[in-house]
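A.B. asks: Quick note on numbering: the working numbering labels position 223 of the sequence shown as 231, and the sequence is numbered without any gaps.
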Amino acid sequence: MRVSVIGGGVAGAASAIALRRATDAEVTVHEAYEDPAGQVGSFLSLAVNGLRGLDALGCLAEVQAAGFPVALQRMWSASGKLLGEVPRGRRASDSLHSTTLLRGRLVELLRAEAVRAGARIETGRRVDPADLDADLVVAADGIRSATRTVLDPAAPQVRYAGLYSVSGVSEGVRLTPGTYHFVFGRRGAFLCVPAADGTVWWSAQVPSPEPPDPADVTRGLLAELYGKEELPLSLIRAATRVDRPMPMHRLADVPVWHDGRTVLIGDAAHPVGAGQGASMAIEDAVALARCVAGVPDVAGALAEYTRVRRPRVARMTRAAATNRASKTPGTVQRRVNDLLMPLAFRHVYARSTSWLYR
Ligand SMILES: Cc1cc2nc3c(=O)[nH]c(=O)nc-3n(C[C@H](O)[C@H](O)[C@H](O)COP(=O)(O)OP(=O)(O)OC[C@H]3O[C@@H](n4cnc5c(N)ncnc54)[C@H](O)[C@@H]3O)c2cc1C
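Here you go:
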């Protein structure tokens with residue numbers, strides 16, 4: 009069987025490894041850009057569900073070595089009150105800890121592993137699914153997937169989510185190692201984590217009705233937006249690098265994931281957010297390869313893949329929508345949250361997230 013994978017990001021590279029390991033298919037990955045860092049997210053965290061997917065692909069240890077473990081997550085109110093401390097990306101009983109690393113490094117490792125597994129990777133050209141002479145086309149072409157509209161001309165369009173993200177790196181600010189910090193700021197959420205090299209990686213998530221002009225998003229603007237929040241402000245002041253702002257996008261549920269030959273995976277099918285996009289993409293890759301290996305015909309395998317994946321992805325999408333709403337509360341809601349969140353984190357959080365990490 010000949011397989012063409014469109015896109016060499018997390019989903020595309022992981023599916024190439026998975027298909028090579030589970031089947032004897034000839035796999036070619038077509039990726040528009042040579043640079044694995046691409047345009048998305050300077051750093052990301054893989055939760056244990058994504059890490060277990062990498063274990064199934066045989067590259068867990070390598071990815072762990074390229075990043076650092078983060079065991080805990082602390083949530084802070086805008087006024088600096090500790091709202092809760094929870095295990096990050098895992099259940100409390102799980103000895104596997106979430107891993108944070110540069111997104112480009114993850115993609116680089118996955119592409120190298122795909123080549124070792126026997127896949128071919130062709131970079132530098134944007135391909136059209138109609139031109140691909142293959143028995144199976146895996147469309148891992150990201151949130152702006154063109155294949156999505158080829159499969160269904162009425163597929164939903166990507167929309168700006170009313171939020172942009174700015175990442176940065178700071179030096180000289182000491183934070184507890186192995187702990188991720190999430191600040192519910194008055195004018196945006198702020199996430200930060202001490203990296204293995206002693207720097208602090210951070211990301212500001214700023215609500216804005218329109219996508220910003222990158223030139224307007226200066227360190228001065230960030231210092232103004234987070235001027236009343238001690239930790240974010242200290243990190244913005246100590247920044248040695250501030251990346252370009254990245255508008256965040258959302259996509260309504262995609263009704264058609266496949267036809268008889270082509271299937272959408274990763275962000276092309278479901279850009280879930282909530283720090284689960286890459287983990288879900290890895291899960292997709294493993295599940296797809298299992299279906300292709302286990303069902304004799306491609307059309308049947310793709311129908312089975314969709315049947316297996318849809319309920320979990322739908323549940324994750326709902327969880328992510330709740331998560332997004334909690335990042336941008338109004339003043340009154342923020343005060344209510346400050347009172348209720350400590351209780352929620354203590355009594356509800358573990359029960360409401362354990363389905364994801366099992
Ligand atoms: C700011 C930010 C922070 C994030 N943090 C996290 C996090 O902490 N944890 C997490 O799990 N997820 C996180 N994510 C989400 C995660 O990055 C994505 O869900 C994941 O990278 C999706 O991978 P993908 O392979 O599906 O898509 P992409 O990474 O978008 O890859 C698609 C690839 O397809 C290529 N392509 C598209 N069309 C064609 C074509 N016609 N021909 C050839 N190539 C093509 C593109 O060049 C691209 O390389 C974050 C995202 C952002 C924006």
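Backbone N, C-alpha and C fix where the C-beta goes; we use that ideal spot for every residue, glycine too.
All values reported here derive from a predicted model rather than from experimental measurement.
Would a C-beta distance cut-off of 7 Å place Pro44 and Val146 closer than the cut-off?
C.D. replies: It is not a contact, given that the beta carbons lie outside the stated cut-off.
A.B. asks: Report the partner residues of Ile14 according to the DSSP bridge assignment.
C.D. replies: Paired residues: His38, Ala147.
A.B. asks: Buried or exposed for His266, going by 16 or more other Cβ atoms inside 10 Å?
C.D. replies: Answer is buried; the Cβ neighbour count reaches 16.
A.B. asks: Could you tell me the alpha carbon to alpha carbon distance between Val11 and Gly20, rounded to whole angstroms?
C.D. replies: Roughly 11 Å between the two C-alpha positions.
A.B. asks: Is His266 near ligand 1 - that is, is its Cβ less than 6 Å away from at least one heavy atom of it?
C.D. replies: No - ligand 1 has no heavy atom lying nearer than 6 Å to the Cβ of His266.
A.B. asks: Ordered along the chain, which non-local residues of its own chain (more than five positions away) have a Cβ less than 6 Å from that of Ala24?
C.D. replies: These residues qualify, in order along the chain: Val13, Val35, Val37, Ala122, Ala127.
A.B. asks: Over the uninterrupted alpha helix (DSSP H) stretch that includes Glu218, give me the two end residues.
C.D. replies: No alpha helix (DSSP H) holds Glu218; DSSP gives it neither H nor E.
A.B. asks: If we ignore side chains and look at the alpha-carbon of each, how far apart do Leu233 and Tyr365 end up?
C.D. replies: If you take the alpha carbons of Leu233 and Tyr365, they lie about 34 Å apart.
A.B. asks: Could you pull out every residue in the same chain whose Cβ sits closer than 7 Å to the Cβ of Gly196, ignoring the five residues on either side in sequence?
C.D. replies: Ala212, Gln213, Val214, Pro215, Leu233, listed in sequence order.
A.B. asks: Could you pull out every residue in the same chain whose Cβ sits closer than 7 Å to the Cβ of Thr361, ignoring the five residues on either side in sequence?
C.D. replies: Correct list: empty, nothing qualifies.
A.B. asks: To which residues of the same chain is His355 closer than 8 Å at the C-beta, ignoring the five residues directly before and after it?
C.D. replies: None.
A.B. asks: Among Ser287, Arg258, Gly112, Val306, whose alpha-carbon lies nearest the alpha-carbon of Arg320?
C.D. replies: Selected option, being the one with the closest Cα: Ser287.
A.B. asks: Comparing C-alpha positions only, which one of Trp363, Arg258, Arg343 sits nearest to Gly88?
C.D. replies: If we check each option's Cα against that of Gly88, Arg343 comes out closest.
A.B. asks: Are Gly193 and Ala86 touching if we call contact CB-CB under 7 Å?
C.D. replies: Yes.
A.B. asks: Does any heavy atom of ligand 1 sit closer than 6 Å to the C-beta of Leu114?
C.D. replies: No, since every heavy atom of ligand 1 falls outside the 6 Å radius drawn around the Cβ of Leu114.
A.B. asks: Spatial neighbours of Glu70 within its chain, please: CB distance less than 6 Å, with the 5 preceding and 5 following residues excluded, ordered by chain position.
C.D. replies: These residues qualify, in order along the chain: Leu117.
A.B. asks: Does DSSP put Cys67 in a helix, a strand or coil?
C.D. replies: DSSP places Cys67 in coil when its eight states are reduced to three.
A.B. asks: Rounded C-beta distance between Gly281 and Ala352? I'm assuming under 8 Å.
C.D. replies: The Cβ separation is near 20 Å, so there is no contact.
A.B. asks: So who's on the other strand from Trp210, going by DSSP bridges?
C.D. replies: Note: Trp210 sits in a beta bridge opposite Gly176, Cys200.
A.B. asks: The alpha helix (DSSP H) with Ala289 in it runs from where to where?
C.D. replies: 285 to 302 is the extent of the alpha helix (DSSP H) around Ala289.
A.B. asks: Rank Ala276, Ala204, Cys200, Gly206 by C-alpha distance to the C-alpha of Pro240 and give the top, closest one.
C.D. replies: With distances taken between Cα atoms, Pro240 lies closest to Cys200.
A.B. asks: Give the straight-line distance between the Cα atoms of Asp346 and Leu91, rounded to the nearest whole angstrom.
C.D. replies: Whole-angstrom Cα-Cα distance: 7 Å.
A.B. asks: So Asp292 and Arg317 are in contact, right, with Cβ under 8 Å, and what is the actual spacing, rounded?
C.D. replies: Asp292 to Arg317, Cβ: 6 Å. Contact.
A.B. asks: Given that a residue counts as buried once 16 or more other Cβ atoms are within 10 Å of its Cβ, and exposed if not, what is Gly235?
C.D. replies: Exposed, since its Cβ has fewer than 16 Cβ neighbours within 10 Å.
A.B. asks: Cβ of Gly94 versus every heavy atom of ligand 1: is any distance shorter than 6 Å?
C.D. replies: Here the sequence assigns Val to residue 94, which means Gly is not the residue at that position. Val94 Cβ: outside cutoff for every heavy atom of ligand 1.
A.B. asks: How do the region 56 to 68 and the region 168 to 176 stand: do at least 3 beta-carbon pairs fall below 8 Å, yes or no?
C.D. replies: No: the two stretches stay apart, fewer than three of their Cβ pairs being nearer than 8 Å.
A.B. asks: Quick one, which of Leu183, Ile151, Ala163 has its alpha-carbon nearest Ala169's?
C.D. replies: Of Leu183, Ile151, Ala163, the residue nearest in Cα terms is Ile151.
A.B. asks: Pick from Gly75, Met83, Leu259, Ala26: whose alpha carbon is nearest that of Gly322?
C.D. replies: Note on identity: in this sequence residue 322 is Ala, with Gly being the wrong assignment. Considering only alpha carbons, the answer is Leu259.
A.B. asks: Where does His105 fall in DSSP's three states?
C.D. replies: Of the three classes helix, strand and coil, the one that applies to His105 here is coil, per DSSP.
A.B. asks: Is Ile14 close to ligand 1? I mean its beta-carbon at under 6 Å from any heavy atom of the ligand.
C.D. replies: Yes, the Cβ of Ile14 comes within 6 Å of a heavy atom of ligand 1.
A.B. asks: Cβ of Asp251 versus every heavy atom of ligand 1: is any distance shorter than 6 Å?
C.D. replies: The answer is no for Asp251.
A.B. asks: In terms of residues, what are the limits of the alpha helix (DSSP H) holding Ile129?
C.D. replies: That residue, Ile129, is in no alpha helix (DSSP H); its beta strand (DSSP E) goes 128 to 131.
A.B. asks: Please determine, among Arg96, Phe51, Thr131, Leu27, the residue with the shortest C-alpha to C-alpha distance to Gly16.
C.D. replies: Per the Cα distances, Thr131.
A.B. asks: Count the other CB atoms, across all protein chains shown, that sit within 10 Å of the CB of Pro95; report buried if there are 16 or more and exposed otherwise.
C.D. replies: Buried: at least 16 other Cβ atoms inside 10 Å.
A.B. asks: State the DSSP-derived secondary structure class of Val316, mapped to helix, strand or coil.
C.D. replies: The answer is helix: DSSP assigns Val316 an H, G or I state.
A.B. asks: So is the beta-carbon of Gln284 under 6 Å away from any non-hydrogen atom of ligand 1?
C.D. replies: Because some heavy atom of ligand 1 lies under 6 Å away, the Cβ of Gln284 counts as near it: yes.
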